[in-house]
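Anchor point for the sequence shown: position 435 equals 435 in my numbering, and the numbering is continuous, going up by one each time. Beta carbons: idealized from backbone N, C-alpha and C, even for Gly. Predicted, not measured: the structure shown is a model, and the values here were computed from it.
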Amino acid sequence: MTISEQSIRLAVRNVAAHGDTDVFPFPLETHWFHDEEDVVTGLLRNLDDNFDARLVSFPMTSARSLAGVGYNGFRAVTQIEPLWNAYLLALVIEIASDIERARIPVAREVVFSYRYKPDPAAATLFDRDIGWARFHRKALELSAQSAMVISTDISDFYTRIYHHRLENALAQATSNRQAVTRIMEILKALSHGTSYGLPVGGHASRMLADLLLNRTDRLLVASQIRFCRFVDDYYVFADSRASAQVAMVRLSEILFSNEGLTLSRSKTRLLSSAELARSSPVAEPTDADSEEEHVTREFVRLRLNYDPYSPTAEEDYEALQSELQRFDVLGMLVRELRKSRINEPLARKLVRAIRFLQPTVRDGAVLSILQNIEILYPIFPTVSILLRQLLETLSDDPRAKVFESIRHLVRSHSHVTLVPANMVYAIRLLAYDTSEETDALLVELYGRTDQSMQAKRDIILAMTRRRVDYWLSQMLQQYALATPWERRALIVASYVLGDEGRHWRQHIRTQLDEVDRAFLLWVASKNNGRQWELPL
């Protein structure tokens, strides 16, 4: 046994509650994990007990595609088969306390990213009081004691992490050699045989990536360089321009010689402490700010966290709405949309805030977003999540315009939905459109040669939710030629087809892996005597 029951259950609960990645829509299996924790835990226990055999009999499939970064950049992102993703997370959780002990202590206030502090009740893994905001507040504090500040980050961090260097860092952090060996085998399989790269978006990769930089952190401290870090973002503080340049050279040398990593030239800036204070996203408003800047700073500092399952959910929601009434969210959003390039953090927060506005204001905000959706291209996933959250509450006109806008983006081959990760979000939205035009569009999309296994899976699930039986019947006949993710989606789709679907399931049942058989039983329970409204 490599992994404890406690680590497996925490991994399952974390994925069920918070998803497997922050770059793609959550897979349907997260609902399965939530409903049948014991069943999924048993499958993971079997995988753990028979790891080598399961590597062969239960392939570690993954979907790797591009997500947008800003207006012109892209990054490779990966979604892992859900059970394997949960197993990788469980392995890392098993040694997470060792990883945390190996890192520079929290009390030193140097490293602020993903500090392991599990909360089983909330199914969370990290200290919620230590993160991006505290990192920036510490930077302001240190800059006030310095003349110059370097702001920089590592170029293509996750995709350039070398496996053998990560393995060395793990071996130094923990005595659990079997867990380390299995983590590295999984990473090798996910990188298609290459010796570098972590899948972007999941908690396991976050903990591993932060451990890799631990040696650099400690060498910087030993060199008496004042700095703070959040993931791959650094602030370095110095008393003069010359000493700042020396510190930047030292940081670059340590990163390259120890980890084979380099700093991003385009994102490296030398600032005075006053410049950092003016540009910091968490700085207090000052008398020098214009009224608009003052309001923007106040809004950015507002916390929009809301837990609908909290015992005080109703009171929390009302308090958040009351706080938002101090701001003209729609007016601030309109001002952003007038720019040639949005302020991404501000625009993302404004879009998220729309969910908590009054219904009449929400409708107007949604229409403004749809009219300017190409300007909001860098935050299209955030926009898509908001639109999905509001679909049931929107008035008829803005709801119809949501689907019309998404159909237009896809049909016109817009640069917005040509980005593979964005296309998956668009498909999820179209699952709720009732027009026949969308049936034809999804059929066309499925036939495109550039569609990923992930997108094709979601098209099948979208057509299942829409109950497009004639197309799904045809797809069942192509089961043997489908990818593993499409096959699992076809299991769900078969329940739309009545007796035809039942006969088909009887026919393919013997071909199913243990995992897919368990998944089939869960889907059967959801369709027991009713029409299951597939949650996408």
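Exercise. Could you check what DSSP says for residue 369 in three-state terms: helix, strand or coil?
Key: On the sequence shown, residue 369 is found 369 positions in, with the first residue counted as 1. Of the three classes helix, strand and coil, the one that applies to residue 369 here is helix, per DSSP.
Quiz item: Are there three or more Cβ pairs, one per stretch, closer than 8 Å when the segment 33–46 is compared with the segment 114–134?
Solution: no
Quiz item: What residue does the alpha helix (DSSP H) around residue 227 start on, and which one ends it?
Solution: The residue labelled residue 227 in the question sits at position 227 within the sequence shown. Not the alpha helix (DSSP H): residue 227 falls in the beta strand (DSSP E), residues 226–230.
Exercise. On a CA-only basis, which of 527, 503 and 48 is nearest residue 465? Give me that one, please.
Key: Counting from one through the sequence shown, the residue named residue 465 turns up at place 465. Per the Cα distances, 527.
Practice problem: Determine the burial state of residue 234: buried for a count of at least 16 other Cβ atoms within 10 Å of its Cβ, exposed for fewer. | Solution: As a working mapping, residue 234 is identified with position 234 in the sequence shown. The residue in question, residue 234, is buried, as its Cβ has 16 or more Cβ neighbours within 10 Å.
Quiz item: Unbroken alpha helix (DSSP H) runs of length 4 or more, entirely within the segment 173–229: which are they?
Solution: 177–190, 203–212 and 214–222
Quiz item: Are there 16 or more other CB atoms within 10 angstroms of the CB of residue 305, so buried, or fewer, so exposed?
Solution: Taking the first residue of the sequence shown as 1, we reach residue 305 at position 305. Exposed, by the Cβ-count rule.
Quiz item: Any contact of the segment 110–118 with the segment 234–244, i.e. 3+ C-beta pairs under 8 Å?
Solution: no
Practice problem: Leaving out five residues on either side along the sequence, give the residues of the same chain with a beta carbon under 7 Å from the beta carbon of residue 446. | Solution: Start at 1 with the first residue of the sequence shown, and residue 446 comes out as number 446. Cβ within range, chain order: 456 and 459.
Quiz item: What three-state label does DSSP hand residue 25 in the structure shown?
Solution: Indexing the sequence shown from 1 puts residue 25 at position 25. Looking at residue 25 - three-state DSSP - the assignment turns out to be coil, as it is neither helix nor strand.
Exercise. Output the distance between the C-alpha atoms of residue 418 and residue 68, rounded to the nearest integer angstrom.
Key: To locate residue 418, count along the sequence shown from 1; it is residue 418. To locate residue 68, count along the sequence shown from 1; it is residue 68. If I take the Cα positions, the gap works out to 10 Å.
Practice problem: Taking all protein chains shown into account, decide if residue 521 is buried (16 or more other Cβ within 10 angstroms of its Cβ) or exposed. | Solution: For this step, residue 521 is matched to residue 521 along the sequence shown. Classification for residue 521: exposed.
Quiz item: Over what stretch of residues does the beta strand (DSSP E) that includes residue 234 continue unbroken?
Solution: Within the sequence shown, numbered from 1, the residue matching residue 234 stands at position 234. Looking at the DSSP string, the run of the beta strand (DSSP E) that includes residue 234 is 233–238.
Quiz item: What three-state label does DSSP hand residue 118 in the structure shown?
Solution: Taking the first residue of the sequence shown as 1, we reach residue 118 at position 118. Residue state, collapsed to three classes: strand.
Self-check item: Meets three-Cβ-pair contact criterion under 8 Å: the segment 50–60 and the segment 397–410
Solution: no
Practice problem: Quick one: which unbroken beta strand (DSSP E) runs of 3-plus residues sit fully inside the segment 68–99? Chain order, please. | Solution: 73–80
Quiz item: Is there contact here, the segment 60–77 with the segment 419–428, by at least three beta-carbon pairs under 8 Å?
Solution: yes
Quiz item: Okay, do the segment 194–205 and the segment 224–232 touch, 3+ Cβ pairs below 8 Å being the bar?
Solution: no
Quiz item: Would you call the CB atoms of residue 356 and residue 302 closer than 7 Å?
Solution: One-based indexing of the sequence shown puts residue 356 at position 356. One-based indexing of the sequence shown puts residue 302 at position 302. No, they are not a contact pair.
Quiz prompt | Same chain, Cβ closer than 6 Å to residue 264, five either side skipped, listed in chain order | solution = The residue labelled residue 264 in the question sits at position 264 within the sequence shown. Correct list, in chain order: 153 and 155.
Quiz prompt | Distance CB(residue 90)-CB(residue 7) smaller than 7 Å | solution = Counting from 1 along the sequence shown, the entry for residue 90 is found at position 90. Counting from 1 along the sequence shown, the entry for residue 7 is found at position 7. Cβ distance < 7 Å, so residue 90 and residue 7 count as in contact.
Exercise. Would you kindly work out how many angstroms separate the C-alpha atoms of residue 274 and residue 432, rounded to a whole number?
Key: The residue you call residue 274 lines up with position 274 of the sequence shown. The residue you call residue 432 lines up with position 432 of the sequence shown. Using only the alpha carbons, I get a separation of about 50 Å.
Practice problem: Go to residue 269, then tell me how far its alpha helix (DSSP H) extends in each direction, as first and last residue. | Solution: Stepping through the sequence shown from its first residue, residue 269 is reached at position 269. Looking at the DSSP string, residue 269 is not in any alpha helix (DSSP H); the run it does join, the beta strand (DSSP E), is 269–272.
Practice problem: Entirely within the segment 410–496 and at least 4 residues each: give me those alpha helix (DSSP H) ranges in chain order. | Solution: 415–418, 420–430, 436–447, 453–465, 469–476 and 484–493
Quiz item: If residue 495 sits next to residue 515, beta carbons under 8 Å apart, how far is it from one beta carbon to the other, in whole angstroms?
Solution: Along the sequence shown, read from residue 1 onward, the residue named residue 495 stands at position 495. Along the sequence shown, read from residue 1 onward, the residue named residue 515 stands at position 515. That pair is no contact at about 18 Å.
Quiz item: How would you write the range of the alpha helix (DSSP H) that residue 149 sits in, first residue to last?
Solution: As a working mapping, residue 149 is identified with position 149 in the sequence shown. Run containing residue 149: none in the alpha helix (DSSP H); it sits in the beta strand (DSSP E), 148–153.
Practice problem: Kindly indicate the opening and closing residues of the alpha helix (DSSP H) around residue 382. | Solution: Numbered from 1 along the sequence shown, position 382 holds the residue referred to as residue 382. Taken as a continuous stretch (DSSP letters only), the alpha helix (DSSP H) holding residue 382 covers 380–390.
Quiz item: So does the segment 94–103 actually touch the segment 434–448, counting three or more Cβ pairs closer than 8 Å?
Solution: no
Practice problem: Spell out the partners DSSP gives residue 63 in its beta bridges. | Solution: Reading the sequence shown from its first residue, position 63 is the one you call residue 63. Answer is 79, bridged to residue 63.
Self-check item: Limits of the beta strand (DSSP E) - the one that residue 126 falls within
Solution: Taking the sequence shown and counting its residues from 1, the one referred to as residue 126 is at position 126. Segment 124–126, the beta strand (DSSP E) holding residue 126.
Self-check item: residue 358: CB within 6 Å of a non-hydrogen atom of the ligand ZN
Solution: Ligands are entirely absent from the displayed structure, and the ligand ZN is therefore not among its contents.
Quiz item: Taking the C-alpha atoms as reference points, what is the distance between residue 209 and residue 167?
Solution: Reading the sequence shown from its first residue, position 209 is the one you call residue 209. Reading the sequence shown from its first residue, position 167 is the one you call residue 167. Looking at the two C-alpha atoms, the distance is approximately 11 Å.
Quiz item: In three-state terms, what does DSSP make of residue 111?
Solution: Counting from one through the sequence shown, the residue named residue 111 turns up at place 111. Strand.
Quiz item: Less than 7 Å separating the beta-carbons of residue 386 and residue 351?
Solution: Position 386 of the sequence shown, counted from the start, is the residue given in the question as residue 386. Position 351 of the sequence shown, counted from the start, is the residue given in the question as residue 351. Their beta carbons are under 7 Å apart, which means residue 386 touches residue 351 by this criterion.
Practice problem: Could you tell me the distance, in whole angstroms, from the CA atom of residue 336 to the CA atom of residue 347? | Solution: Counting from 1 along the sequence shown, the entry for residue 336 is found at position 336. Counting from 1 along the sequence shown, the entry for residue 347 is found at position 347. The straight-line gap from Cα to Cα measures roughly 7 Å.
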